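In what follows, a single structure is set out as structure tokens and then discussed.
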Amino acid sequence: MLPDEEYYGGLFNANEDLDSLQQFRLDYLQSYGVEKQKIKENFLHLQTSIFKQQLSFGAKETSRAFKISTWNPFNHEKVDWFDPLWMYGVNTFDIVIGNPPYVNVEKIDTETKKYLFLKYKTCKGRTDLYIAFIERALKLFAKNTGLLTFIIPYPYTNQKYGTDSRKLLIDSYSILEILDTSEYRVFDAAVVKNITLFVGSEVSDTLTKIKKVNSQKNFLENKITESSINQSVFLTLKDYRLETKDVSTVSLLKSVIWNKSISLDNICLISYGARINHKTNGDKKEHYIFKDFKPGLKPFTEGKNIERFSFSQYGWLDYKPNEHYNSMFKELFENEKIMFINIVKDRLRFALDTKHFYNSHTVINCVKWDLLAQANHTTVKRNITPKKIQFGKEFSYKYLIAILNSTLINWYFLNFLSESLHFYPEDAKGLPIHLASAQRQQPFNNLVSYIIFLKALSVPNHVNEYVDNHHLVTMFEEIVDALVYELYFEDEFKNAGVEFFKYAERDFSIIDGLEDDNKMQVIHESYQKLRQKENEIRNNLKLMDTRLNQLIMPIKAAK
Numbered sequence: 001m002l003p004d005e006e007y008y009g010g011l012f013n014a015n016e017d018l019d020s021l022q023q024f025r026l027d028y029l030q031s032y033g034v035e036k037q038k039i040k041e042n043f044l045h046l047q048t049s050i051f052k053q054q055l056s057f058g059a060k061e062t063s064r065a066f067k068i069s070t071w072n073p074f075n076h077e078k079v080d081w082f083d084p085l086w087m088y089g090v091n092t093f094d095i096v097i098g099n100p101p102y103v104n105v106e107k108i109d110t111e112t113k114k115y116l117f118l119k120y121k122t123c124k125g126r127t128d129l130y131i132a133f134i135e136r137a138l139k140l141f142a143k144n145t146g147l148l149t150f151i152i153p154y155p156y157t158n159q160k161y162g163t164d165s166r167k168l169l170i171d172s173y174s175i176l177e178i179l180d181t182s183e184y185r186v187f188d189a190a191v192v193k194n195i196t197l198f199v200g201s202e203v204s205d206t207l208t209k210i211k212k213v214n215s216q217k218n219f220l221e222n223k224i225t226e227s228s229i230n231q232s233v234f235l236t237l238k239d240y241r242l243e244t245k246d247v248s249t250v251s252l253l254k255s256v257i258w259n260k261s262i263s264l265d266n267i268c269l270i271s272y273g274a275r276i277n278h279k280t281n282g283d284k285k286e287h288y289i290f291k292d293f294k295p296g297l298k299p300f301t302e303g304k305n306i307e308r309f310s311f312s313q314y315g316w317l318d319y320k321p322n323e324h325y326n327s328m329f330k331e332l333f334e335n336e337k338i339m340f341i342n343i344v345k346d347r348l349r350f351a352l353d354t355k356h357f358y359n360s361h362t363v364i365n366c367v368k369w370d371l372l373a374q375a376n377h378t379t380v381k382r383n384i385t386p387k388k389i390q391f392g393k394e395f396s397y398k399y400l401i402a403i404l405n406s407t408l409i410n411w412y413f414l415n416f417l418s419e420s421l422h423f424y425p426e427d428a429k430g431l432p433i434h435l436a437s438a439q440r441q442q443p444f445n446n447l448v449s450y451i452i453f454l455k456a457l458s459v460p461n462h463v464n465e466y467v468d469n470h471h472l473v474t475m476f477e478e479i480v481d482a483l484v485y486e487l488y489f490e491d492e493f494k495n496a497g498v499e500f501f502k503y504a505e506r507d508f509s510i511i512d513g514l515e516d517d518n519k520m521q522v523i524h525e526s527y528q529k530l531r532q533k534e535n536e537i538r539n540n541l542k543l544m545d546t547r548l549n550q551l552i553m554p555i556k557a558a559k
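Going by full-length UniProt numbering, the sequence shown opens with residue 1, and the numbers climb by one from there.
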């Protein structure tokens with residue numbers, strides 16, 4: 001703030017001059033055009049006169065008059081004082097609109113970083129400078145009534161570094177409105193997309209308005225979509241996300257999905273693969289990977305080789321646990337497992353590994369707890385329990401991968417877990433797996449066997465001479481989706497008179513253990529049944545989309 005001095009630098013007429021200068025400033029803020037320019041000239045002329053007088057009388061640089069006489073209000077240069085009347089023409093504010101600096105913690109110097117983590121409780125992990133600005137503004141704001149408005153990056157709504165800040169807002173303040181402008185750039189020169197947050201000083205029962213604008217043109221034309229949500233709903237979302245999508249309905253669906261489900265981490269250990277590079281001498285992973293097989297080498301794959309249900313081999317690994325930066329442990333690899341990657345292009349991708357492949361940290365592994373009962377690695381010993389071992393025994397991998405690759409789980413990820421392009425082990429741990437008997441799991445097992453077998457067939461080997469194998473895979477995946485819907489929304493399907501399970505048990509036989517020719521024959525016969533006009537599965541797929549339209553279509557349409 002400006003120093004509050006009785007005598008403005010010791011100059012007998014400084015009071016009158018500064019009063020005149022302040023009036024020029026107030027008039028300037030309220031004027032336009034030619035008049036505004038004339039007032040600016042008068043301001044600068046008088047300000048220069050005051051500055052010269054201050055110098056001639058040896059005024060201190062810390063005096064009020066000297067600070068004002070050296071201030072340029074017509075540019076954006078930083079000053080070390082603040083006075084609302086001089087700067088904005090008012091003494092108090094009903095509304096504050098701020099655009100705090102966006103600076104990732106990794107680009108902040110060490111001392112400032114230490115200060116942020118020590119001073120601001122919401123600054124944690126990979127935080128950003130604007131998080132501290134929000135917390136500071138809320139502390140100042142808490143003493144008064146009014147409105148706080150911040151233009152901040154869209155990632156604030158969902159990224160982990162904003163978790164504590166979002167919870168503070170939800171618990172202690174009113175989130176009056178979120179304006180989502182992430183579909184276009186508010187600031188032409190900026191890379192980041194934005195939201196504008198409107199916050200009231202006290203918690204109230206007022207609903208939070210969600211406004212979305214798709215373009216600057218729509219904003220100027222006031223073409224804004226608007227909805228409302230109870231602020232408490234944000235507390236039910238992962239990391240207290242401030243979702244701008246309509247989550248009222250999806251929150252209800254979430255509760256239904258979890259009604260008879262357990263989280264995936266109760267069934268499987270979920271962990272990154274090995275960091276293959278040498279821990280000390282700088283050797284890259286390529287030093288340990290070979291194109292051709294040699295005795296002692298391990299089959300090896302990378303994240304880029306993983307597709308839905310299946311994967312391809314990257315090479316052969318010379319596994320040296322004493323040399324690798326982080327070798328993990330052999331039981332993670334030398335077991336059947338499900339693998340996925342943390343980069344999401346169009347949808348989640350889980351692959352089944354039955355051949356005990358090793359993999360790098362670009363892959364995330366899901367190994368059932370019962371297969372790790374004898375493992376001595378600290379991660380296993382710290383987390384394994386008898387209950388988890390029992391759950392591991394109760395679920396087949398093919399059932400799990402059918403659920404994980406389903407459209408429903410992809411929808412769940414997009415609505416409750418999505419962090420843009422990334423899907424982390426912590427996200428996978430929280431996926432809901434429906435409790436199902438061995439009999440209930442069997443149709444999934446059979447269909448997944450069909451899909452994996454078809455995806456592995458070479459191009460010339462078509463199960464049906466008129467239809468390529470890709471078409472059959474798509475059709476069987478559609479049926480898997482239908483079974484997953486019925487599994488999680490059993491009551492809704494019963495009420496709609498739509499059923500798949502009993503017909504799937506009838507029409508899809510086991511092919512595990514058969515010769516390839518016999519597998520092809522069984523799959524061909526299953527396909528022929530589905531083509532029949534009276535086939536219940538075929539007809540119920542159509543009924544599902546009509547009778548359960550409001551439930552199923554939003555899930556199918558999720559992107």
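Backbone N, C-alpha and C define an ideal beta-carbon position, used for all residues, glycine too. If you're wondering where the values come from, they're calculated on a predicted model, not measured in any experiment.
| Check | Outcome |
| --- | --- |
| One or two residues paired with ARG275 in a DSSP bridge | ASN326 |
| Per-residue burial, GLN550 [other beta carbons within 10 Å of its own, 16 or more giving buried] | exposed |
| Short Cβ contact (8 Å threshold) for ARG275 with ASN158 | no |
| Local conformation of ALA436 per DSSP, three classes | coil |
| Backbone CA spacing between ARG382 and ALA373 [nearest angstrom] | 12 Å |
| Backbone secondary structure at LEU197 - three-state DSSP | strand |
| CB contact flag (ILE364, MET328, <8 Å) | no |
| Beta-carbon proximity list for ILE229, same chain, < 7 Å, skipping 5 on both sides | LEU207, THR208, ILE210, VAL247 and SER248 |
| Same chain only: Cβ atoms within 7 Å of LEU332, ignoring 5 sequence neighbours per side | SER271, ASN365 and VAL367 |
| Neighbourhood of LEU44 by C-beta distance below 7 Å, restricted to the same chain and skipping five residues each side | none |
| Range of the contiguous beta strand (DSSP E) that encloses VAL178 | The question names Val, but residue 178 in the sequence shown is Ile. Unbroken beta strand (DSSP E) run through ILE178: 174 to 180. |
| For GLU226: DSSP bridge partner residues | LYS211 |
| Other residues of its chain near SER69: CB distance less than 7 Å, five sequence neighbours each side excluded | GLN47, ILE50, PHE51 and GLN54 |
| Per-residue burial, ASN540 [other beta carbons within 10 Å of its own, 16 or more giving buried] | buried |
| In DSSP terms, what PRO153 is bridged to | ASN194 |
| Residues near SER204 in its chain [Cβ-Cβ closer than 6 Å; skip 5 each side] | SER174 |
| Top-ranked residue by Cα proximity to VAL250, from SER396, GLU525, TYR488 and TYR412 | TYR412 |
| Closest by C-alpha distance to SER396, when choosing among PRO386, SER437, LYS429 and ARG547 | SER437 |
| Of the residues THR546, LEU530, ASN495 and GLN390, the one placed nearest ASP507, counting alpha carbons only | LEU530 |
| Which residues DSSP lists as bridging TYR358, in chain order | PHE300 |
| Residue from CYS268, GLU478 and GLY513 whose Cα sits closest to the Cα of ILE552 | GLU478 |
| Distance between LEU297 and LEU317 (C-alpha atoms, nearest Å) | 5 Å |
| Paired residues, beta bridge with ILE262 - DSSP | ILE433 |
| Cβ-Cβ separation, SER165 to ILE131 (assumed contact under 8 Å), whole Å | 5 Å |
| DSSP-derived helix/strand/coil call for LYS337 | strand |
| Closest residue to GLY392 among LEU404, THR362 and ASP265 (Cα-Cα distance) | ASP265 |
| Segment contact, 8 Å Cβ cut-off, at least three pairs: the stretch 251 to 264 with the stretch 426 to 441 | yes |
| CB contact flag (PHE147, PHE219, <8 Å) | Reading off the sequence, residue 147 comes out as Leu, not Phe. Against a cut-off of 8 Å, the Cβ pair of PHE219 and LEU147 comes out as no contact. |
| Cβ-Cβ distance between ILE170 and GLN231 below 8 Å | yes |
| Pairwise C-alpha distance: TYR424 and LYS455 | 26 Å |
| Cβ shell of CYS123 (< 7 Å), same chain only, five flanking positions each side left out | LEU116, PHE117, ILE131 and ALA132 |
| Limits of the alpha helix (DSSP H) - the one that LYS52 falls within | 33 to 56 |
| For LEU483, the first and last residue of its enclosing alpha helix (DSSP H) | 469 to 488 |
| For GLY497, the three-state DSSP class (helix, strand or coil) | coil |
| Entirely enclosed alpha helix (DSSP H) segments - the stretch 506 to 543, minimum 4 residues | 516 to 531 |
| Proximity of SER449 and ASP491 at Cβ, strictly below 8 Å | no |
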